[in-house]
Amino acid sequence: MTVKIRDANLFSVLRDGFPDDLQSIAVETDTDLLYSWQDLLDASAMMANLLASLGLPEGSRIAVQVEKSVEALILYLATLRAGFIYLPLNTAYQSAEMAYFIEDAKPAVVVCTGRNFGWLSKLAFLVGTAYVFTLNEDRTGSLLERAAAFSRSHRVVQRAPGDLAAIIYTSGTTGRSKGAMLSHGNLTSNAQVLQKAWGWRTAEQGGDVLIHALPIFHVHGLFVAIHGALLNGSKMIWLGKFDPKLALSFFSQASVFMGVPTLYVRLLGERNLTRDAVNGMRLFISGSAPLLIETFNDWQLRTGHTILERYGMSETIMLTSNPYFEQDGERLGGTVGPALPGVQLRVLAEDGQILPTGEIGSIQVKGPGVFKGYWNMPEKTAEDFTSDGFFKTGDVGRVDARGYVTIVGRSKDLIISGGYNVYPAEIEGYINALPGVAESAVVGVPDADFGEIGVAVVIAKPGFELNPTGLLLQLKSILANFKVPKHCVVVKDLPRNAMGKVQKNLLRAQYVNVADGMV
Ligand code: MCA
Ligand code: AMP
Numbered sequence: 012m013t014v015k016i017r018d019a020n021l022f023s024v025l026r027d028g029f030p031d032d033l034q035s036i037a038v039e040t041d042t043d044l045l046y047s048w049q050d051l052l053d054a055s056a057m058m059a060n061l062l063a064s065l066g067l068p069e070g071s072r073i074a075v076q077v078e079k080s081v082e083a084l085i086l087y088l089a090t091l092r093a094g095f096i097y098l099p100l101n102t103a104y105q106s107a108e109m110a111y112f113i114e115d116a117k118p119a120v121v122v123c124t125g126r127n128f129g130w131l132s133k134l135a136f137l138v139g140t141a142y143v144f145t146l147n148e149d150r151t152g153s154l155l156e157r158a159a160a161f162s163r164s165h166r167v168v169q170r171a172p173g174d175l176a177a178i179i180y181t182s183g184t185t186g187r188s189k190g191a192m193l194s195h196g197n198l199t200s201n202a203q204v205l206q207k208a209w210g211w212r213t214a215e216q217g218g219d220v221l222i223h224a225l226p227i228f229h230v231h232g233l234f235v236a237i238h239g240a241l242l243n244g245s246k247m248i249w250l251g252k253f254d255p256k257l258a259l260s261f262f263s264q265a266s267v268f269m270g271v272p273t274l275y276v277r278l279l280g281e282r283n284l285t286r287d288a289v290n291g292m293r294l295f296i297s298g299s300a301p302l303l304i305e306t307f308n309d310w311q312l313r314t315g316h317t318i319l320e321r322y323g324m325s326e327t328i329m330l331t332s333n334p335y336f337e338q339d340g341e342r343l344g345g346t347v348g349p350a351l352p353g354v355q356l357r358v359l360a361e362d363g364q365i366l367p368t369g370e371i372g373s374i375q376v377k378g379p380g381v382f383k384g385y386w387n388m389p390e391k392t393a394e395d396f397t398s399d400g401f402f403k404t405g406d407v408g409r410v411d412a413r414g415y416v417t418i419v420g421r422s423k424d425l426i427i428s429g430g431y432n433v434y435p436a437e438i439e440g441y442i443n444a445l446p447g448v449a450e451s452a453v454v455g456v457p458d459a460d461f462g463e464i465g466v467a468v469v470i471a472k473p474g475f476e477l478n479p480t481g482l483l484l485q486l487k488s489i490l491a492n493f494k495v496p497k498h499c500v501v502v503k504d505l506p507r508n509a510m511g512k513v514q515k516n517l518l519r520a521q522y523v524n525v526a527d528g529m530v
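Read in the numbering used here, the sequence shown has 411 at position 400, and its numbers run on one by one without any break.
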């Protein structure tokens, strides 16, 4: 008897969603490039054949730090179909940050921009990386040159649901980033759940067009947005970088938009954002950071649309979503909606008791999207799961009688700035290593544009005079720009509790108006 194994490779699942007319447009860029569905298939097959020709071991990681381009999307698809593990890295990361990722993940292949090839290839070859290719925004580089010689025909490598598809690094509370291991099954189930939950329209139902305005090295832009469009055979309008005027100019040709709250704040700053401008749009989705109720209300007033807010993590993909369909309930501003189908979500008190409806506590989750653990960190993985298999999110919230979840804070010391996560412990480590610094504390304060921004409060070593602007400049030269605190103050003492621990809540209150020079 032969047992038919169903291929669980995420690529095959996405491919099943492509439209019948493969010559129709899959991606249109803001620089007027057009890619058909057939182009995506051909180019990803060629790249997958190149990867296959390298003789890489099973489970090889393909680390990618390149600017946003359709070719980078194709590289992601090629990695999936070749059965390897995709490891995207933010282009803002500088050499010290990259050295950590490369050392930790030991990728078999690194793909980077030609600009970074010199130093990055040195780092990679030191840890045993076999191949370093380049890929530039203008569609040049050795990756494409090499792939051009390969066939457009490629048989997708079969994968089981539990096989790894991607590793997403998320910063750690101790300052060390952790690689969240996501499987084909994790990503597939979440994409399928969201397809239903958000009512994606197939070509037969009139079709959807997504404006893709987010970076493609994090969960929001890479998985939630791209999988949504591909699985549904929907065209993407591909913006290399978010610009509110540019995004607005495409609203008349699109139906779905996804953004972090800063994108909505910046769009609201455009006079031309009117009901007419969003006439054909079906759905606006927000996530990655809390959407202020003011933004939610202003958007409704200006456009007539109610933003759908959802909540997720790199470790879990999407967990909750406000309803899309009216019959499922209203979209409530300030909440992230009920748990998605298949997700179990509970709220616990500090003593570990499960709390009743309405009470505030730590959020724990279980479900098909929840990751396999942190790369190379079994102890950390074990610490973050309960004995009955729930993942501790580090978010604090409550669930109301209808099941709607409200996130009220975080137990993890984390700043979310413009949708990017910044872990104070990591930044403090870098500041403390600067000459003349005795100690530092980094806290987040509210910001109208980024939602939250970092403020560094620093103490000098005896006999040293510190210049706050100079400190920030030094940080800029070694750290990803979004992690650099926007303000720095030098003080004599930090407020401490009886245990000697810095009282960050007091610092936050003290520096809440630091942007206005009021401290
Ligand atoms: C840029 N800068 C930032 C940020 N972005 N500083 C703090 N926070 C940021 N997010 C720096 C720039 O380097 C620059 O510094 C200065 O701030 C002003 O830059 P600006 O030109 O305004 O920035 P931008 O290039 O326009 O970028 C802003 C942005 C971008 C478009 C909001 O940050 C962005 O695309 N954010 C989306 C992040 C995202 O996709 N998150 C999803 C994570 P200087 O002047 O010194 O050079 S996935 C996730 O969280 C989960 C799972 C989920 O639920 O989705
Ligand atoms: P990341 O580590 O980038 O996956 O970020 C995950 C974190 O972002 C979550 O643990 C939350 O703290 C936060 N987050 C994501 N979506 C939302 C949302 N809609 N509202 C509030 N916080 C959110």
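The beta carbon of each residue, even a glycine, is placed where N, CA and C say it ideally should be.
Can you tell me whether residue i is buried or exposed? The criterion is at least 16 other CB atoms within 10 Å of its CB, across all chains shown.
i	result
Ser106	exposed
Thr368	exposed
Arg342	buried
Arg92	buried
Ser263	exposed
Lys487	exposed
Ala509	exposed
Lys189	buried
Lys389	Residue identity differs from the one stated: residue 389 is Pro in this sequence, not Lys. Looking at its Cβ environment, which holds fewer than 16 other Cβ atoms inside 10 Å, Pro389 is exposed.
Thr285	exposed
Gln338	exposed
Ala202	buried
Pro352	exposed
Ile304	exposed
Thr392	buried
Gly173	exposed
Is residue i near the ligand MCA - that is, is its Cβ less than 7 Å away from at least one heavy atom of it?
i	result
Gly430	yes
Leu225	yes
Gly232	yes
Lys79	no
Asn290	no
Thr102	no
Val381	no
Phe493	yes
Val525	no
Val267	no
Leu274	yes
Lys117	no
Val220	no
Val138	no
Lys487	yes
Val235	yes
Val271	yes
Phe461	yes
Phe295	no
Phe253	yes
Check the C-beta distance from residue i over to residue j and give it rounded, since I have them as a contact under 8 Å.
i	j	result
Leu51	Leu88	7 Å
His223	Met247	5 Å
Leu477	Val469	6 Å
Asn20	Val168	7 Å
Phe268	Met292	7 Å
Pro546	Val513	Residue 546 cannot be examined here, being either before or after the span of the chain that is shown, 12 to 530.
Ala171	Ser332	About 28 Å; that fails the 8 Å criterion.
Val376	Val347	Not quite, the Cβ-Cβ distance comes to about 12 Å (not below 8 Å), so this is no contact.
Gly414	Pro334	Gly414 to Pro334, Cβ: 10 Å. No contact.
Phe161	Met324	Not a contact, Cβ separation roughly 37 Å.
Leu33	Trp48	4 Å
Phe402	Gly447	The pair is not a contact, with the Cβ atoms about 41 Å apart (cut-off 8 Å).
Residue i bridges to which residues according to DSSP?
i	result
His223	Trp249
Tyr142	Val120
Gln76	Cys123
Val358	Ile374
Pro389	Answer is none; Pro389 lacks a bridge partner.
Tyr322	Thr331
Met269	Ile296
Tyr431	Ser428
| task | Go through the residues and name those whose CB comes closer than 7 Å to any heavy atom of the ligand AMP, in chain order. | result | Thr181, His229, Val230, Ser297, Gly298, Ser299, Ala300, Pro301, Leu302, Glu320, Arg321, Tyr322, Gly323, Met324, Ser325, Glu326, Val347, Thr404, Gly405, Asp406, Ile418, Arg421, Leu425, Ile427, Asn432
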